[in-house]
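Report on the structure given below.
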Amino acid sequence: MQKTEQKKDWNLSPAAFRRLLEWFDEGADSDGQKYLEMRGRLISYFDRKNCLLPEELADETLNRVARRLEEAGKIESETPAKFCYITARFVFLESLRGKEKQNVPIDETVHQKAAAETDEKEEKEKMLVCLENCTGKLDAANREIILGYYVGEERTKIENRRAIAARLEISVNALSIRACRIRDKLETCVKKCAEKK
Amino acid sequence: MNKTYDNEKITSYLLGVLPDAEAEILDELSFTDDDFANDLSAVEKDLVDAYVRNDLRGTTLEQFKNYYLASPIRREKVKFAETFRQFAETKPKRTFVESLAGFFTIPRFSLQWSFALAALALLILGGWFYRENSRLRFEMEQAKTNREELLRRENELKEREKQLQDEIANRQTASEETEKELAKVREEREKLERELQNQKSIQPQPQIVEKQEKFNRNR
């Protein structure tokens, strides 16, 4: 009981957070990128599991990992990625038990959200302006990739991708990774920009 | 070497129709395998784009609508894909004039004003350069004319110098000839004086006196 209380009261201190970043970096200095990448994977995981609050669950997972690191000093049994997955799975199962009553059927959720999306046209206009701004911030090579990679119907798209990969002298797979990263970056930028407006 | 995964399996996973046991394996891979995480991200984007382009059919479309669109985060991805498609497909078709007009219709005032000021500065600078260029060209023409005049004058002076040198040389020749003639006359006179002395010592003869007087008159 006392232990549970302690767990609930535990807060992520700057020192614990630093230790967590170092643990993710595994000796290299990624400037927090590894942490952000893992947080992104956690959010996607909880989202694929249809959790209502994926971001909160992702942060809860990271808090637990940080607390474990603080208590044990180090975690050597698993890689950071595997340990995060194991922790996330526990958090997910707990959320299923604790929040069953809060779960809303999918159809209902869709209808609720559809009702909230009344100003869709206006929002799209805003997003287009943001997209223009954010694309403008990309360097010329990345802009060319992102505009070429996702354009066209099935056949044209495949040919486009092959042509870009050949021009850049990289494999289609490497191009796909690069294009995905640029799109993720663009999506984050547009999201931030739209929130400001 | 990158590993590749079955796209259809990944699509089923994304649409929530993969059996739990298989889904759990992919859950774990999405954390521990970077190649799988990359493939998952790429397949998801292509799936969303296919929905946006109305390329999904039958059960896949139904699963997408019922499962994928249930999450707000995933709906955001669809919204972004729709906007991005609109943006990307209109982008290459724009003409230069449209792009320019578009640039000034989008509210990014600091950038627009910076460009406008830069254009104005370029215009002023261009005008100033044109004026300077004309002035320098005029000055260069003038300098060229002056140089040609000086060259002509220099040639004239050289010609004159040559004439004077020739004249000096001629005079020197004439002077040398006169000197020679004078020396010859002196020599002749001295000879006569010597002869006269000799005559005086013997007896003065009237013919010699007369000859001497004639010579003196000639001189």
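Sequence order for the protein chains is A and B. With the working numbering applied, the first sequence closes on residue 1173, and no number is skipped along the way. With the working numbering applied, the second sequence closes on residue 404, and no number is skipped along the way. The beta carbon of each residue, even a glycine, is placed where N, CA and C say it ideally should be.
Beta-carbon within less than 7 Å of cysteine 1169 (chain A)'s beta-carbon, same chain only, minus the 5 sequence neighbours each way: which residues are those?
The count along the first sequence starts at 1 and reaches residue 1169 (chain A) at position 193. Within the same chain, cysteine 1169 (chain A) has close Cβ partners Cys1106, Asn1109, Cys1110.
Strictly under 8 Å for the Cβ-Cβ distance: is proline 1175 (chain A) near chain B by that measure?
Outside the shown range of chain A (977 to 1173) lies residue 1175 (chain A), about which nothing can therefore be said.
My output table needs one value for threonine 244 (chain B): the three-state DSSP class, helix, strand or coil.
Here residue 244 (chain B) refers to the residue found at position 59 of the second sequence. The answer is helix: DSSP assigns threonine 244 (chain B) an H, G or I state.
Measure from the C-beta of isoleucine 1134 (chain A) to each C-beta in chain B and report whether the shortest distance is under 8 Å.
Within the first sequence, the letter at position 158 stands for residue 1134 (chain A). With 8 Å as the cut-off, isoleucine 1134 (chain A) does not count as an interface residue toward chain B.
May I have a chain-ordered list of the alpha helix (DSSP H) segments no shorter than 4 residues that lie completely inside the segment 1103-1162 of chain A?
1116-1125, 1130-1144
So, using beta-carbon positions, are isoleucine 159 (chain B) and leucine 225 (chain B) closer together than 8 Å?
For residue 159 (chain B) there is no data in the structure shown, the boundaries of chain B being 186 and 404.
Inter-stretch contact at 8 Å, needing at least 3 Cβ pairs: the segment 990-1005 of chain A / the segment 1040-1047 of chain A
yes
Grouping DSSP H, G and I as helix and E and B as strand, with all else coil, what is aspartate 1007 (chain A)?
Residue numbering aside, residue 1007 (chain A) sits at position 31 when the first sequence is read from its first letter. Note: aspartate 1007 (chain A) maps to coil in three-state DSSP.
Counting along the chain, where does the alpha helix (DSSP H) carrying serine 989 (chain A) start and finish?
For the purposes of this step, residue 989 (chain A) is taken as residue 13 along the first sequence, with counting starting at 1. Element bounds for serine 989 (chain A): n/a, residue is neither H nor E.
Nearest chain B C-beta to leucine 1038 (chain A) closer than 8 Å, yes or no?
For the purposes of this step, residue 1038 (chain A) is identified with residue 62 of the first sequence, where counting begins at 1. Closer than 8 Å: no.
Option in A:Arg1065, A:Lys1102, A:Tyr1126 with minimal Cα separation from isoleucine 1019 (chain A)
Translated into the one-based positions of the first sequence, residue 1019 (chain A) becomes position 43. Minimum Cα distance to isoleucine 1019 (chain A) is reached at A:Arg1065.
Roughly how many angstroms lie between the CA atoms of serine 284 (chain B) and leucine 1104 (chain A), to the nearest whole one?
The residue given as residue 284 (chain B) occupies position 99 in the second sequence. The residue given as residue 1104 (chain A) occupies position 128 in the first sequence. Unreliable positioning characterises serine 284 (chain B) in this predicted model, as indicated by a pLDDT of 45, which lies under 50. The coordinate reading is nonetheless provided below. Their backbone Cα atoms lie some 14 Å apart in a straight line.
Of the residues A:Thr1055, A:Leu1012, A:Thr1063, which one's Cα is nearest the Cα of glutamate 1002 (chain A)?
Taking the first sequence and counting its residues from 1, one reaches residue 1002 (chain A) at position 26. If we check each option's Cα against that of glutamate 1002 (chain A), A:Thr1055 comes out closest.
Would you mind sorting serine 989 (chain A) into buried or exposed? The rule is 16 or more other CB atoms within 10 Å of its CB.
Your numbering for residue 989 (chain A) matches position 13 in the first sequence. Flag for serine 989 (chain A) reads exposed.
In angstroms with no decimal places, state the Cα-to-Cα distance between asparagine 401 (chain B) and serine 360 (chain B).
Working through the second sequence from its first residue, we reach residue 401 (chain B) at position 216. Working through the second sequence from its first residue, we reach residue 360 (chain B) at position 175. One C-alpha to the other measures close to 24 Å.
Out of A:Asp1005, A:Asn1026, A:Lys1058, which one is the CA nearest neighbour of isoleucine 210 (chain B)?
To locate residue 210 (chain B), count along the second sequence from 1; it is residue 25. Here the closest residue by C-alpha is A:Lys1058.
Can you check whether the CB of arginine 238 (chain B) is closer than 8 Å to the CB of glutamate 1129 (chain A)?
Residue mapping note: residue 1129 (chain A) aligns to position 153 of the first sequence, counting from 1. Residue mapping note: residue 238 (chain B) aligns to position 53 of the second sequence, counting from 1. Their beta carbons are under 8 Å apart, which means glutamate 1129 (chain A) touches arginine 238 (chain B) by this criterion.
Residue range of the alpha helix (DSSP H) that includes aspartate 1095 (chain A):
As a position in the first sequence, residue 1095 (chain A) is number 119, starting the count at 1. Aspartate 1095 (chain A) -> no alpha helix (DSSP H), and no H or E assigned at all.
Would you mind giving the Cβ-Cβ distance between phenylalanine 1022 (chain A) and phenylalanine 1068 (chain A), rounded to the nearest angstrom? I have them listed as a contact below 8 Å.
The residue labelled residue 1022 (chain A) in the question sits at position 46 within the first sequence. The residue labelled residue 1068 (chain A) in the question sits at position 92 within the first sequence. With 8 Å as the limit, phenylalanine 1022 (chain A) and phenylalanine 1068 (chain A) qualify as a contact, their Cβ atoms being about 7 Å apart.
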